[in-house]
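Read in order, the letters of the sequence shown correspond to residues 1413 to 2093 in our numbering.
I have placed the structure first, in the form of structure tokens, so that the comments after it can refer back to it.
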Amino acid sequence: MSSSTENTAGDGEQHRNKRVRRACLNCRRKKTRCHESMQGKSRLSSRAANYDKDDTSYGGLIARVAQLEEMARLPVKSQTPTSAELQGGHQAIDNFHASNSWVPPSSSVVDTSPSAGVESTRSLGCSETFFPLSPRLIQKAIDAFFLHSHNQPYSFFCESRLRQRALERNLPDHVLYAVVASAARFMEDQYSKSNLGALCAQMSWDLLLKHLHSDTEADLSFVQATTLLALFDFTDFKSRSAWKKIGAAARIAQDLKFMFEPSSFLDLQEQEEQRRTFWSIYMLDGLTTCGRARPPAFHGHYCKTNLPCTELSFQLGLYEETQNLDQALSADDITARGTNFSPFARVILIATILSRASQYVMQDINFRAERPPWDSDSDYAAISSSLFNFEYQVGIHRPLQEAFGMDGGFTNEFGGQPTEHIVFYYALYHLTQCILNHHFLLRRRLQPYSSRVPPIFTSRAFNTCLEHAQSLTLLLEDAHRLGCRLRASFLGYCALVVGTINSLHQFDVDFNVRLKSKQALDKNIEFLTRHAQYWNNAKLMLEELQNFDQEAVHLQSLISPEIIELNFDPDTIERLYDIADYNVISRYRAKFDVSIFVRDDTEFSGIPAPSSGYSAQWMQSLSGSNPTLLDGTELSGSHISWVPDHNAHYTSHTHLTMPEIGMQPQINQGMPEVMSDQLLL
1413 MSSSTENTAG DGEQHRNKRV RRACLNCRRK KTRCHESMQG KSRLSSRAAN
1463 YDKDDTSYGG LIARVAQLEE MARLPVKSQT PTSAELQGGH QAIDNFHASN
1513 SWVPPSSSVV DTSPSAGVES TRSLGCSETF FPLSPRLIQK AIDAFFLHSH
1563 NQPYSFFCES RLRQRALERN LPDHVLYAVV ASAARFMEDQ YSKSNLGALC
1613 AQMSWDLLLK HLHSDTEADL SFVQATTLLA LFDFTDFKSR SAWKKIGAAA
1663 RIAQDLKFMF EPSSFLDLQE QEEQRRTFWS IYMLDGLTTC GRARPPAFHG
1713 HYCKTNLPCT ELSFQLGLYE ETQNLDQALS ADDITARGTN FSPFARVILI
1763 ATILSRASQY VMQDINFRAE RPPWDSDSDY AAISSSLFNF EYQVGIHRPL
1813 QEAFGMDGGF TNEFGGQPTE HIVFYYALYH LTQCILNHHF LLRRRLQPYS
1863 SRVPPIFTSR AFNTCLEHAQ SLTLLLEDAH RLGCRLRASF LGYCALVVGT
1913 INSLHQFDVD FNVRLKSKQA LDKNIEFLTR HAQYWNNAKL MLEELQNFDQ
1963 EAVHLQSLIS PEIIELNFDP DTIERLYDIA DYNVISRYRA KFDVSIFVRD
2013 DTEFSGIPAP SSGYSAQWMQ SLSGSNPTLL DGTELSGSHI SWVPDHNAHY
2063 TSHTHLTMPE IGMQPQINQG MPEVMSDQLL L
């Protein structure tokens, strides 16, 4: 009896187990008996749903990718495609984007709830519009990055490698967001005028902080992203935040031993990426020393890795023998190595000399025993000697067009622009000469020797400063006229420094110098006007230069070589310091209104932007009794305008190199036109 009972119980348990196992998911949730006739249908429908899901996730994606690849392989038709073809192509791309959007990680998404405060409210519209990042947006950002940011002057990525990694979805998120943040200002208005760049920069930094707070090992991508974010902050009125990020990037690079040669186990492009990333941090660190109390994080004698190779070898992954910084700066046998440096390597060399010059005149740093600047064993003489060696090595006396031809600037077939590297090391050379011989900075360095300063020394120094200020002005103007994309933010500082020098010499005793200085100042303001379309700190520099021009009439003693003492009140001296300090001039001022600047999109279509004009009030205050000289712009009415000649060379010799102005008056009878509606000053 008991045996039969046990068997019956066992059969019932087995039956219940089978019923539960065979029940459909819906009946299991409800804990009800599943009808046997519906069990097969439920299982089949469940499997069909799974198959449909898998097919949607993978099969459809593969089909769409195959369709796009087939479209890419088709030959380009000369005739205009039909509307049906366009609609089909756009539909395929939209379907591909919809299924492959780049979703930001949850840890880095900015909270858009009301409790998040003002910052989240500001980010809400951009977050809903642009996120998740679609492949189309990412592609546009990468295109803009390599067109406008790569080699301007910093270089972090091999273009083909970055594009391939982005396509394969194995690019680290912190790098992707940093690239989008850097490129957003150069994209269409819907991106550049939104806060897409700021939001992506914050997301990238949040991801970096998450890794930095953990004990995970950093890698090259950490250094690349952190440096890009430092650049973003520095040009967005956040110089203190940028300084912290530069320090973090420098320490991570040092911890990863980037100052030494990369491992031979890496392929050639990976090795060069590591070198270029290190030298980009080194250069950024050196450029930010153009100010007070900003010591560099790197010292040249600790940097043992080789200088960058040429852009062509980098993009093709070819081996190219290069030298390290100590070898390149050595004065031994400079004639044998004169043409071996790539444009990027030359930028690093002159940035090193610029950093030494700025530390000497702005930070009172002595690299050797302190001696008067006119002494042959002084730091001033040593820096001047380094400038002479650099001039001889790279042939800085050549016209810009000749340098482009010899360095292959216009034959570049890849994303980088070596032409801009050439313009940049020309500009840094002239800027270094201006800072080393600056009317205010050098005179301040001469204060301990005021009674013993030879007048011939200050006369030559100030003439050299003016010469290179006007040469740098012409360099930027001609580079723009030749179609170079001058996107490096530091060029705004160059234009500001030389603009203040040109403004001072509007009151020179020599009439020709006054005319040339006024013309050069106009060029500096035109350049900053164009530059301010992309960089917030350039907008502030433009305003500072205009304010300085109104004060220059009270600073005429600075251009007199006989006057060594600085007979100014403390506020004026502080003002002269600040306008030469790259860090101070890039810091936000509460009274500054950035909304008055309107962007000009003509340069995105490949057409140079027209010369921007100035307000009537500013022109009237500048011209005074003499006519205002504008390049290609005539002052109507009873004014007389001169059209200057641009046939000039950028030399470093003792004579001034500004072009002669042909005095051919042109009388205009009409009322003056509105010069430009791009900018309201």
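Cβ atoms here follow ideal geometry from the backbone N, Cα and C, with glycine treated the same way.
Bear in mind that the values here come from a model prediction, so they are computed numbers and not experimental data.
Exercise. So what does Asn-1736 bridge to, in DSSP terms?
Worked result: Here the question's residue 1736 lines up with position 324 in the sequence shown. Per DSSP, Asn-1718.
Exercise. Cα-Cα, which of Thr-1831, Cys-1896, Ile-1847 and Ala-1815 is closest to Val-1910?
Worked result: Start at 1 with the first residue of the sequence shown, and residue 1910 comes out as number 498. For the residues Thr-1831, Cys-1896, Ile-1847 and Ala-1815, the minimum Cα distance to Val-1910 belongs to Ile-1847.
Problem set entry | Own chain residues within Cβ distance below 6 Å of Asn-1949, not counting five before or after | Along the sequence shown, read from residue 1 onward, the residue named residue 1949 stands at position 537. For Asn-1949, where only same-chain residues beyond five positions count, the Cβ hits under 6 Å are Thr-1647 and Ser-1998.
Problem set entry | Candidates Asp-1791, Phe-1756, Lys-1657 and Leu-1761: closest to Gln-1771 by CA position | The residue you call residue 1771 lines up with position 359 of the sequence shown. Ranking Asp-1791, Phe-1756, Lys-1657 and Leu-1761 by Cα distance to Gln-1771 puts Asp-1791 first.
Problem set entry | Between the CA atoms of Pro-1830 and Glu-1571 - distance to the nearest angstrom | Reading the sequence shown from its first residue, position 159 is the one you call residue 1571. Reading the sequence shown from its first residue, position 418 is the one you call residue 1830. The alpha-carbon atoms of Glu-1571 and Pro-1830 are separated by roughly 14 Å.
Exercise. Start and end of the alpha helix (DSSP H) containing Ile-1997?
Worked result: Residue numbering aside, residue 1997 sits at position 585 when the sequence shown is read from its first letter. Per DSSP, Ile-1997 belongs to the alpha helix (DSSP H) from 1994-1997.
Exercise. Exposed or buried, Leu-1678, counting other C-beta atoms within 10 Å across all chains shown (16 or more means buried)?
Worked result: Taking the first residue of the sequence shown as 1, we reach residue 1678 at position 266. With fewer than 16 Cβ atoms within 10 Å of its Cβ, Leu-1678 is classed as exposed.
For this session: Evaluate contact between the stretch 1686-1706 and the stretch 1662-1673, counting only Cβ atoms and requiring at least three cross-stretch pairs below 8 Å.
Result: yes
Exercise. Are Ser-1671 and Tyr-1714 touching if we call contact CB-CB under 8 Å?
Worked result: Counting from 1 along the sequence shown, the entry for residue 1671 is found at position 259. Counting from 1 along the sequence shown, the entry for residue 1714 is found at position 302. It should be noted that the sequence gives Met, not Ser, for residue 1671. It is a contact, given that the beta carbons lie within the stated cut-off.
For this session: Say whether the stretch 1606-1617 touches the stretch 1916-1925, bearing in mind that this needs 3 or more beta-carbon pairs closer than 8 Å, one atom from each stretch.
Result: no
Exercise. When you compare only the Cα positions, how much space is there between His-1833 and Ala-1891?
Worked result: Working through the sequence shown from its first residue, we reach residue 1833 at position 421. Working through the sequence shown from its first residue, we reach residue 1891 at position 479. C-alpha separation (whole angstroms): 12 Å.
Exercise. Do you know whose CA, among Arg-1857, Asn-1849, Glu-1803 and Thr-1941, lies nearest Ile-1971's CA?
Worked result: Taking the first residue of the sequence shown as 1, we reach residue 1971 at position 559. Here the closest residue by C-alpha is Asn-1849.
Problem set entry | Cα-Cα separation, Ser-1788 to Leu-1741 | In the sequence shown, the residue the question calls residue 1788 occupies position 376. In the sequence shown, the residue the question calls residue 1741 occupies position 329. About 19 Å.
Problem set entry | Three-way DSSP call (helix, strand, coil) for Lys-1656 in this model | As a first step, residue 1656 must be located in the sequence shown, where it is residue number 244. Three-state DSSP puts Lys-1656 in a helix.
Problem set entry | Opening and closing residue of the alpha helix (DSSP H) in which Val-1865 lies | If you number the sequence shown from 1, residue 1865 lands on position 453. Note, Val-1865: premise wrong, no alpha helix (DSSP H); not H, not E.
Problem set entry | Which of helix, strand or coil DSSP assigns to His-1809 | The residue given as residue 1809 occupies position 397 in the sequence shown. DSSP places His-1809 in coil when its eight states are reduced to three.
For this session: Find the nearest neighbour of Asn-1959 within the set Gln-1683, Asp-1990 and Ile-1976, judged by alpha-carbon distance.
Result: In the sequence shown, the residue the question calls residue 1959 occupies position 547. For Asn-1959, the nearest C-alpha among the options comes from Asp-1990.
Problem set entry | Alpha carbon of Ser-1676 to alpha carbon of Thr-1734, nearest angstrom | Reading the sequence shown from its first residue, position 264 is the one you call residue 1676. Reading the sequence shown from its first residue, position 322 is the one you call residue 1734. Answer to the nearest angstrom: the Cα atoms are 15 Å apart.
For this session: Can you tell me which of the three DSSP states Glu-1723 falls into?
Result: For the purposes of this step, residue 1723 is identified with residue 311 of the sequence shown, where counting begins at 1. Looking at Glu-1723 - three-state DSSP - the assignment turns out to be helix.
Exercise. Using the beta-carbon count (16 or more within 10 Å), is Thr-1844 buried or exposed?
Worked result: Counting from 1 along the sequence shown, the entry for residue 1844 is found at position 432. When all chains shown are included, Thr-1844 counts as buried.
Exercise. Going by alpha carbons, who is nearest to Ala-1769 out of Ser-1798, Arg-1783 and Phe-1726?
Worked result: As a first step, residue 1769 must be located in the sequence shown, where it is residue number 357. Of Ser-1798, Arg-1783 and Phe-1726, the residue nearest in Cα terms is Ser-1798.
Exercise. Do you know whose CA, among Phe-1726, Ser-1651 and Ala-1661, lies nearest Glu-1684's CA?
Worked result: The residue labelled residue 1684 in the question sits at position 272 within the sequence shown. Measuring from the Cα of Glu-1684, the nearest candidate turns out to be Phe-1726.
Problem set entry | 6 Å CB neighbourhood of Leu-1908 in its chain, flanking five on each side removed | Reading the sequence shown from its first residue, position 496 is the one you call residue 1908. Once the five neighbours on either side are set aside, the close Cβ partners of Leu-1908 are Met-1953 and Leu-1957.
Problem set entry | Met-1671, enclosing alpha helix (DSSP H) - first and last residue | Taking the first residue of the sequence shown as position 1, residue 1671 is located at position 259. Where Met-1671 is concerned, there is no enclosing alpha helix (DSSP H), given that its DSSP letter is neither H nor E.
Exercise. Do you know how far the Cα of Met-1599 is from the Cα of Gly-1703?
Worked result: Residue 1703 sits at position 291 when you count from the first residue of the sequence shown. Residue 1599 sits at position 187 when you count from the first residue of the sequence shown. So the two alpha carbons sit approximately 32 Å from each other.
For this session: Go ahead and pull the three-state DSSP assignment for Pro-2022.
Result: Walking along the sequence shown from the start, residue 2022 turns up at place 610. Here Pro-2022 scores only 33 on pLDDT, less than 50, and its place in the model should not be relied on; the value that follows carries that caveat. Note: Pro-2022 maps to coil in three-state DSSP.
For this session: Could you spell out where the alpha helix (DSSP H) holding Leu-1916 opens and where it closes?
Result: By one-based count along the sequence shown, residue 1916 stands at place 504. First-last of the alpha helix (DSSP H) with Leu-1916: 1902-1916.
Exercise. Among Thr-1764, His-1943, Leu-1696 and Leu-1903, which one has its Cα closest to the Cα of Leu-2100?
Worked result: Missing from the structure shown is residue 2100; the chain here goes from 1413 to 2093 and no further.
Problem set entry | Residue range of the alpha helix (DSSP H) that includes Cys-1846 | Counted from its first residue, the sequence shown places residue 1846 at position 434. From DSSP, the alpha helix (DSSP H) with Cys-1846 extends over 1830-1848.
Exercise. Can you name, in chain order, every residue of its own chain whose Cβ lies under 8 Å from the Cβ of Arg-1899, other than the five neighbours on each side?
Worked result: Numbered from 1 along the sequence shown, position 487 holds the residue referred to as residue 1899. Excluding positions up to five away in sequence, the list reads His-1560, Ser-1561, Gln-1564, Phe-1598, Glu-1832 and Tyr-1946.
Exercise. Nearest-angstrom Cα distance between Ile-1777 and His-1966?
Worked result: In the sequence shown, counting from the first residue as 1, residue 1777 sits at position 365. In the sequence shown, counting from the first residue as 1, residue 1966 sits at position 554. Rounded to whole angstroms, Ile-1777 to His-1966 spans 30 Å at the Cα level.
Exercise. With distances taken between CB atoms, is the gap from Ile-1975 to Leu-1858 smaller than 8 Å?
Worked result: Locating residue 1975 in the sequence shown gives position 563, where the first residue counts as 1. Locating residue 1858 in the sequence shown gives position 446, where the first residue counts as 1. Their beta carbons are not under 8 Å apart, which means Ile-1975 does not touch Leu-1858 by this criterion.
Exercise. Just the Cα atoms here: how many angstroms apart are Ala-1556 and Leu-1854?
Worked result: Position 144 of the sequence shown, counted from the first residue, corresponds to residue 1556. Position 442 of the sequence shown, counted from the first residue, corresponds to residue 1854. Using only the alpha carbons, I get a separation of about 41 Å.
Exercise. So is Arg-1864 buried or exposed if we call it buried at 16+ other beta carbons inside 10 Å?
Worked result: One-based indexing of the sequence shown puts residue 1864 at position 452. So Arg-1864 counts as exposed.
Problem set entry | His-2094 vs Leu-1988 beta-carbon contact at 8 Å | As shown, the chain starts at 1413 and ends at 2093. That puts residue 2094 outside it, with no answer to give.
Problem set entry | Nearest-angstrom Cα separation, counted from Leu-1680 out to Leu-1574 | Position 162 of the sequence shown holds residue 1574. Position 268 of the sequence shown holds residue 1680. C-alpha separation (whole angstroms): 15 Å.
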